[in-house]
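Encoded as structure tokens, the structure appears first; notes follow it.
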Amino acid sequence: MTRRTPALRAAIWAGVACLASPAVADDRPTFDTGQIPDPEILLPDGPAQGSVMLFSSENGWNSEDHARAVRLRAEGAAVVGIDLPRYLAALDGEGKDCVYLVADFESLGHQLERATGATTFHAPIVAGTGQGGALAISILAQTPADTLGAAIAADPADGVPLTTPFCTKQPRTEGSAGWVYALPAGAQPAPLTVVLSASATAENARRLGDLAGAGVDFRTDAADGSLSPVFSDAVAAAVARAAGTGDAAAVVELATTPTLGVMAIVLSGDGGWRDLDKQIAGILQSEGVPTVGLDTLRWFWSARTPQETGAELARLIDLYTDRWKVPKVILVGYSFGADVLPDAYLTIPPEARAKVAQVSLLGLATMADWQITVSGWLGKASSTARPTGPALAKLPPAIVQCVHGDGETDSACPSLEGTGVEIVTTKGGHHFDGNYQALAEKIIDGFERRQGATPAPPAASP
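Pasting the structure below:
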């Protein structure tokens, strides 16, 4: 279960009164659309193969936009059609110091895929034309990695006419149509495709050509200048790529030359592979600990059992200890990942379990859900959650490390005092004040100490 800050909960679930009924039928479910006013929502007949946030141009939502949405729905996507002028006006009308758009897209993607019975989660895709295309590009300036599936922009305008700035550290400049946000250096947080029609101006093509070094996929339709087939094809292709990933997308490999004779498997929080868990895995990798990440947002999108999870951990242990030639494994879980790890560990077959030298539980709660739930995003256990205590009591205490922040009020770590479990108390709350380097060092120190069979130190703050 993930504990969110009040501010983040508000960002994700803002605008509860702003509900939208899908245009396809009055008896279809309603959705919390946050700051997006009255979008046209189209759901596929079966489980969604992905979700698309489709922005209109500066001219507003029209019949051509609707036709694109209908095509995407026919190809298995859940589509949120957004009238750009109304959306920008609503954002400016909030009167905020800055706006963070991605939270609403994440929330809607979760809701749409759950409502259609999708068995695998797919990160939402953003796409648009004209100023809507410019918005799709600019959104990458405030998007964490692995949050969006793709961004597709057709003949994007030179800026977005939004007065309220984005919540981002990326610089912005004023273009002819509004603000232009600089994209992050290096790899983009999501694949970006730019489609240029024959009617695109030379200046627009030149300006967008500056993005070539950012790994942008450029496409053109020089034959007739029509954006409709090329743009729609690009969005449909992004949906198809997402649909083809399945459970494989839940496993992330961070290889390196092992220097400590150990590898790590990190189970993420229910927000997916992108923040604390991803950064700690990267630090472990840089310290000579090859690491495999298990994205729980994707792996637990459908309900799992401890036995299924233990079997997957055993598969990863056997596969990667052989590939990387290391004899030992550290299992690390954060938040949701920590909550499920004790029960899962107990179901790992003995041969694979014998390779586990340490189980590090970061942000462990007293209850564990075995499927990603709306209540979990709100920081609450679902009605089907099971206590973590019974499984914890069966784990060998000498290999367990429980890490909690001194600001956490619902941690299970304090209850383990006096059991032989190593308890580490840090500054901060559920995100440990962002001191991920210190957390990674505690994990490595714990492993090295256990290999030397020296006693654990008293609980301390990194």
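Take the sequence shown: its position 357, counting from 1, is numbered 389 in my numbering, and each next residue is one higher.
All residues carry an ideal CB built from backbone N, CA and C; glycine is no exception.
Distance between beta carbons of residue j and residue i, contact taken as under 8 Å
i, j, result
"G113", "L144", "Not quite, the Cβ-Cβ distance comes to about 12 Å (not below 8 Å), so this is no contact."
"S264", "R105", "So it is not a contact: roughly 12 Å between Cβ atoms."
"L194", "D124", "6 Å"
"L378", "C445", "19 Å between Cβ atoms; not a contact."
"L308", "G301", "7 Å"
"Q433", "V456", "7 Å"
"V284", "D327", "7 Å"
"R374", "L329", "Reading off the sequence, residue 374 comes out as Pro, not Arg. In fact, because the Cβ distance is near 20 Å, the residues do not count as touching under 8 Å."
"G461", "V271", "The Cβ separation is near 37 Å, so there is no contact."
Residue i in three-state terms, based on DSSP
i, result
"A378", "According to the sequence shown, residue 378 is Leu rather than Ala. In this structure, L378 counts as helix in the three-state DSSP scheme."
"K360", "strand"
"R146", "helix"
"G437", "strand"
"S496", "The structure shown does not extend to residue 496, since the chain is modelled only from 33 through 494, so no value can be given for it."
"F153", "coil"
"V456", "strand"
"V56", "Because the pLDDT of V56 is 41, which lies under 50, any placement of that residue in the model is unreliable, and the question is left without a value."
"R336", "coil"
"P218", "The sequence as given places Gly at residue 218; Pro does not occur at that position. Three-state DSSP puts G218 in coil, outside helix and strand."
"L228", "strand"
"E206", "strand"
"Y132", "coil"
"V248", "coil"
"I476", "helix"
"A448", "Here residue 448 turns out to be Leu, not Ala, going by the sequence shown. Reduced to three states, the DSSP call for L448 is helix."
"G191", "coil"
"L373", "helix"
"G466", "helix"
"G82", "strand"
Under 9 Å between C-beta atoms of residue i and residue j
i, j, result
"A28", "W356", "No information on residue 28 is available, as it lies outside the stretch 33 to 494 that the chain covers here."
"T451", "P429", "yes"
"V358", "V294", "yes"
"A222", "K310", "no"
"G191", "Q163", "yes"
"K426", "G439", "no"
"P188", "T161", "yes"
"T291", "F250", "no"
"Q220", "Q174", "no"
"I362", "I297", "yes"
"T441", "T420", "no"
"L140", "F198", "no"
One or two residues paired with residue i in a DSSP bridge
i, result
"L74", "V111"
"Q390", "I362"
"P419", "M399"
"L184", "Note on residue identity: the sequence assigns Ile, not Leu, to residue 184. Note: I184 sits in a beta bridge opposite A159, T225."
"D354", "For D354, which the question treats as bridged, DSSP gives no partner whatsoever."
"W211", "V192, E206"
"F198", "V131"
Worksheet item: What are the uninterrupted segments assigned as alpha helix (DSSP H) that are 4 or more residues long and contained completely in the segment 271-334, given in chain order?
Response: 308-318, 328-331
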